[in-house]
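K.L.:
Handing you this structure, nothing more for now.
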Amino acid sequence: MANILGIAASSGIAIAKAFRLEHPEYEITKRSISDTDAELAKLDAALEISKTELEAIKERTLQEMGAKKAEIFESHLLILNDPELISPVKDKIATEMVNAEFALNEVAAQFVTMFENMKSTYLQERAADMRDVSKRVLNHLMGVNFQSPAEIREEVVIIAEDLTPSDTAQLDRNFVKGFTTNIGGRTSHSAIMARSLEIPAVVGTKEVMEVIQNGDIVIVDGLEGNVIVNPDEATLAEYRAKGAAYEAQVTEWRKLRDEVTVSKDGVHVELAANIGTPNDVAGVLDNGGEGVGLYRTEFLYMGRDELPSEDVQFNAYKTVLEKMAGKPVVVRTLDIGGDKELPYLVLPKEMNPFLGFRAIRLCLDRQDIFRTQLRALLRASVYGDLRIMFPMIATLMEFREAKAVLVEEKEKLVAEGVAVSDNIQLGIMVEIPSTAVLADQFAKEVDFFSIGTNDLIQYTMAADRMNERVSYLYQPYNPSILRLVKMVIDAAHKEGKWTGMCGEMAGDATAIPLLLGLGLDEFSMSASSILPARSQLAKLSKADMQELAAKALDMQTAEQVVELVQAIHA
Amino acid sequence: MEKTFKIVDEDGIHARPATALVTAANKFASTESFAEAKGKKVTLKSILGVLSLGLEQGDVIVLSTQGAEEDAALKALTDVMVNEGLGEING
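Residue numbers (UniProt numbering), protein chains in the order written: chain A, 1 to 570; chain B, 1 to 91.
And the structure:
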């Protein structure tokens, strides 16, 4: 029994016989030819067969995985029709009098190198497409046959160096139970395909091809990123049970995708997701998110050489609002500075970055940056239910000042004839203890609160959450934190406002019963936590949790609170 | 005929939108279409050419057409740029 670690790329457990998928290896040698016409005809024939194959794969992918996944093969077809590829190959054959496979291999290699040297990682990965396409044609030129994954007719786990897009497209879910590869990461083609096919996969193991032989029994644990070769009976039984439990859970979660979130006694709370880019919205909808509770706009400002223009921002916000189709989207204005640096925004080094010039403090000082973002948001507001919140608010004056800037920009836009929504809720992050304590006063002026627990805990406990030596002080269940959370929620409710939470704590299974009991209205978490949370909440009665929370507030230590919550599961 | 665009898609020009651009250019056999960016000019009838520009968000690209159907071709390309959310007309 061998245990190999890799990267969990697609969830689930697969147990089956190993099938090594090996692409034929051959040397491509340079040969002189005399009949260039015959060589060109040979190339054309190989290209034609390859195109026919690709058409078929494209069709199959379209049927089984949808138009989006099929597009990759449309681009493969375009590559085979691309004059930039085919003309140089033909020129080489005709002028240098060399064999077709040598000419093709040379030209394709230039494109592979070009892609590999590109700045964007996405374009770097297109090198794999180029290799995939040229390999297909080369196989035909060399007259090599290999068993394609489409021909597998028994239950297997595929073992491969890497899977090309066309390999993955040919996988038949009925027979291919899972796969594991030597190379790749969570965002490589094979990993993305595995998730959409819902086949368990572990990638980037570096050694499955060296360790596993055809016919070995293999467990692919796509939950933990583990591959076990020739397990003993006890291990097999353990993983069969783990796989069954996972399947049962997924079935239960899936049923909840389009349901509203209600507690056992019928109280509705909203489960929203935290996102960083418009691309994350698909995952939110897929997991039944009822809104976006935190859109971190920092990513728009990162990885570039200058501030993002108003239009770049407008497009991102508009895309998110449109994709969310009327569901609420809470956008946090720029939270940068301190430990989060932007290369083009030169700020002096600080002794205590977490206590320094960051977020709203920076935005109120650098109003050029702030106003651009607010204008982009206001312009996008007509495309959905936009809500804006300011981060790191410590005093009412800060909120009033920020709000005044927003109102000014709105008036300017309206004067310019630009449409702006009149129903934009305006709220604040509650992450500084002073704001939590004074929440009753804030509640008179804001439309909502969103509690940022990561910072609220570190500021309340005066413990840097990055410092391992004081990490024991990161105590979400400490009664002091729970009391602050309660103050904020109660203050909001007294004014008829709502309170959300967008820190780690909102998706935490131990915190959820307490937060329900404290009256939290909106829980915002990573998309993958939504369905488990919805399932958990359906089993909890709010009335009971109110009693539980009341007890927790009167406890002395975080440990006691954890014990109290765990007792309800026992 | 030419038109300047600024890439607004946060992913730049990827395989999928590049495919759409090349497919649009290929519809006009009598007209040559080009893309020019970062000092490099390529034919829009080549997906490898378009991808080789390595276009990212914020880059400026000039699309030009030449031939019997240059108006229609440029309009078709503009539609792809705008409809795919790739770029916006710049100036």
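Even for Gly, the Cβ is constructed at its ideal location relative to N, Cα and C.
Note that this is a predicted model, so its numbers are computed, not measured.
Kindly confirm or deny that the region 354 to 374 of chain A and the region 404 to 414 of chain A touch, where touching means at least three C-beta pairs closer than 8 Å.
P.N.:
With a cut-off of 8 Å, the region 404 to 414 of chain A and the region 354 to 374 of chain A count as touching, because enough Cβ pairs lie within range.
K.L.:
Which residues does DSSP list as the beta-bridge partners of I21 (chain A)?
P.N.:
On the first sequence, residue 21 (chain A) is found 21 positions in, with the first residue counted as 1. Just to set this straight, residue 21 (chain A) is Leu in the shown sequence, not Ile. DSSP output for L21 (chain A) lists A:A160 as bridge partner(s).
K.L.:
Tell me, to the nearest whole angstrom, how far the beta carbon of N83 (chain B) is from that of K6 (chain B); I am working on the premise that it is less than 8 Å.
P.N.:
Mapped onto the second sequence, residue 83 (chain B) falls at position 83. Mapped onto the second sequence, residue 6 (chain B) falls at position 6. At roughly 16 Å, the Cβ-Cβ gap does not stay under 8 Å, so N83 (chain B) and K6 (chain B) are not in contact.
K.L.:
Could you tell me whether the region 226 to 242 of chain A touches the region 5 to 15 of chain A, using the rule of 3 or more Cβ pairs below 8 Å?
P.N.:
Output reads yes: the region 5 to 15 of chain A touches the region 226 to 242 of chain A.
K.L.:
Shortest alpha-carbon distance to G417 (chain A) belongs to which of A:L438, A:L378 and A:R400?
P.N.:
The residue given as residue 417 (chain A) occupies position 417 in the first sequence. Answer by Cα proximity: A:L378.
K.L.:
Which full runs of the alpha helix (DSSP H) of 4+ residues lie inside the region 83 to 141 of chain A, going along the chain?
P.N.:
Fully enclosed alpha helix (DSSP H) runs of 4 or longer: 83 to 96 and 100 to 116.
K.L.:
Which residues bound the alpha helix (DSSP H) around A72 (chain B)?
P.N.:
The count along the second sequence starts at 1 and reaches residue 72 (chain B) at position 72. Unbroken alpha helix (DSSP H) run through A72 (chain B): E70 to N83.
K.L.:
Taking all protein chains shown into account, decide if I568 (chain A) is buried (16 or more other Cβ within 10 angstroms of its Cβ) or exposed.
P.N.:
In the first sequence, residue 568 (chain A) corresponds to position 568, counting from 1. That one is exposed.
K.L.:
Classify T65 (chain B) as helix, strand or coil using the three-state DSSP reduction.
P.N.:
For the purposes of this step, residue 65 (chain B) is taken as residue 65 along the second sequence, with counting starting at 1. T65 (chain B): strand per DSSP, three-state reduction.
K.L.:
Strictly under 7 Å for the Cβ-Cβ distance: is D132 (chain A) near chain B by that measure?
P.N.:
In the first sequence, the residue the question calls residue 132 (chain A) occupies position 132. No, no contact with chain B.
K.L.:
Go through its chain and collect everything with a Cβ distance to A549 (chain A)'s Cβ below 6 Å, but skip five positions before and after it.
P.N.:
Translated into the one-based positions of the first sequence, residue 549 (chain A) becomes position 549. L514, G517 and L518.
K.L.:
Classify P328 (chain A) as helix, strand or coil using the three-state DSSP reduction.
P.N.:
Here residue 328 (chain A) corresponds to residue number 328 of the first sequence, with the count starting at 1. P328 (chain A) falls in the strand class under three-state DSSP.
K.L.:
Within this structure, are the beta carbons of L482 (chain A) and A552 (chain A) separated by less than 7 Å?
P.N.:
What you label residue 482 (chain A) is simply residue 482 of the first sequence in a count that begins at 1. What you label residue 552 (chain A) is simply residue 552 of the first sequence in a count that begins at 1. Yes. Within cutoff.
K.L.:
Determine the chain B residues that contact I79 (chain A) at a beta-carbon separation under 8 Å, and present them in chain order.
P.N.:
Mapped onto the first sequence, residue 79 (chain A) falls at position 79. The contacting residues are I47 and L48.
K.L.:
Straight-line CA distance for E350 (chain A) to L256 (chain A)?
P.N.:
What you label residue 350 (chain A) is simply residue 350 of the first sequence in a count that begins at 1. What you label residue 256 (chain A) is simply residue 256 of the first sequence in a count that begins at 1. One C-alpha to the other measures close to 47 Å.
K.L.:
List in chain order: all unbroken alpha helix (DSSP H) runs of 4+ residues lying wholly within the region 487 to 561 of chain A.
P.N.:
Taking only runs of at least 4 residues, the alpha helix (DSSP H) segments lying wholly in the region 487 to 561 of chain A are 511 to 518, 530 to 538 and 542 to 553.
K.L.:
Am I right that G276 (chain A) and R304 (chain A) are in contact with their C-beta atoms under 8 Å? What's the rounded C-beta distance?
P.N.:
Locating residue 276 (chain A) in the first sequence gives position 276, counting from the first residue. Locating residue 304 (chain A) in the first sequence gives position 304, counting from the first residue. With 8 Å as the limit, G276 (chain A) and R304 (chain A) do not qualify as a contact, their Cβ atoms being about 15 Å apart.
K.L.:
What separation, rounded to the nearest whole angstrom, lies between the Cα atoms of Q110 (chain A) and L80 (chain A)?
P.N.:
The sequence position of residue 110 (chain A) within the first sequence is 110, counting from 1. The sequence position of residue 80 (chain A) within the first sequence is 80, counting from 1. Cα-Cα distance, rounded: 15 Å.
K.L.:
Tell whether a beta-carbon distance below 7 Å holds between S421 (chain A) and S381 (chain A).
P.N.:
As a position in the first sequence, residue 421 (chain A) is number 421, starting the count at 1. As a position in the first sequence, residue 381 (chain A) is number 381, starting the count at 1. Contact: yes.
K.L.:
Using a beta-carbon distance below 7 Å, is residue 623 (chain A) in contact with chain B?
P.N.:
Residue 623 (chain A) lies beyond the stretch modelled for chain A, which goes from 1 to 570, so this question has no answer here.
K.L.:
Can you find a CB in chain A that lies within less than 7 Å of the CB of G54 (chain B)?
P.N.:
Taking the first residue of the second sequence as 1, we reach residue 54 (chain B) at position 54. Closer than 7 Å: yes.
K.L.:
Could you tell me whether the region 497 to 508 of chain A touches the region 440 to 448 of chain A, using the rule of 3 or more Cβ pairs below 8 Å?
P.N.:
Contact between the region 497 to 508 of chain A and the region 440 to 448 of chain A is present, because at least three Cβ pairs lie under 8 Å.
K.L.:
Between the region 276 to 305 of chain A and chain B, which residues of the former have a C-beta closer than 7 Å to a C-beta of the latter?
P.N.:
Listed by position, the residues of the region 276 to 305 of chain A near chain B (Cβ gap below 7 Å) are T277, P278 and R304.
K.L.:
Which residues, in chain order, does the region 56 to 89 of chain B contribute to contact with chain A at a C-beta distance below 9 Å?
P.N.:
Listed by position along the chain: E56, Q57, G58, G85 and E88.
K.L.:
Would you report the Cα separation of P391 (chain A) and V430 (chain A), rounded to the nearest angstrom?
P.N.:
Mapped onto the first sequence, residue 391 (chain A) falls at position 391. Mapped onto the first sequence, residue 430 (chain A) falls at position 430. If you take the alpha carbons of P391 (chain A) and V430 (chain A), they lie about 8 Å apart.
K.L.:
If you measure beta-carbon to beta-carbon, which residues of the region 83 to 107 of chain A are closer than 8 Å to chain B?
P.N.:
Within the region 83 to 107 of chain A, the qualifying residues are P83, E84 and L85.
K.L.:
Within 10 Å of its beta-carbon, does T113 (chain A) have 16 or more other beta-carbons around it, so buried, or fewer, so exposed?
P.N.:
Taking the first residue of the first sequence as 1, we reach residue 113 (chain A) at position 113. Exposed: under 16 other Cβ atoms inside 10 Å.
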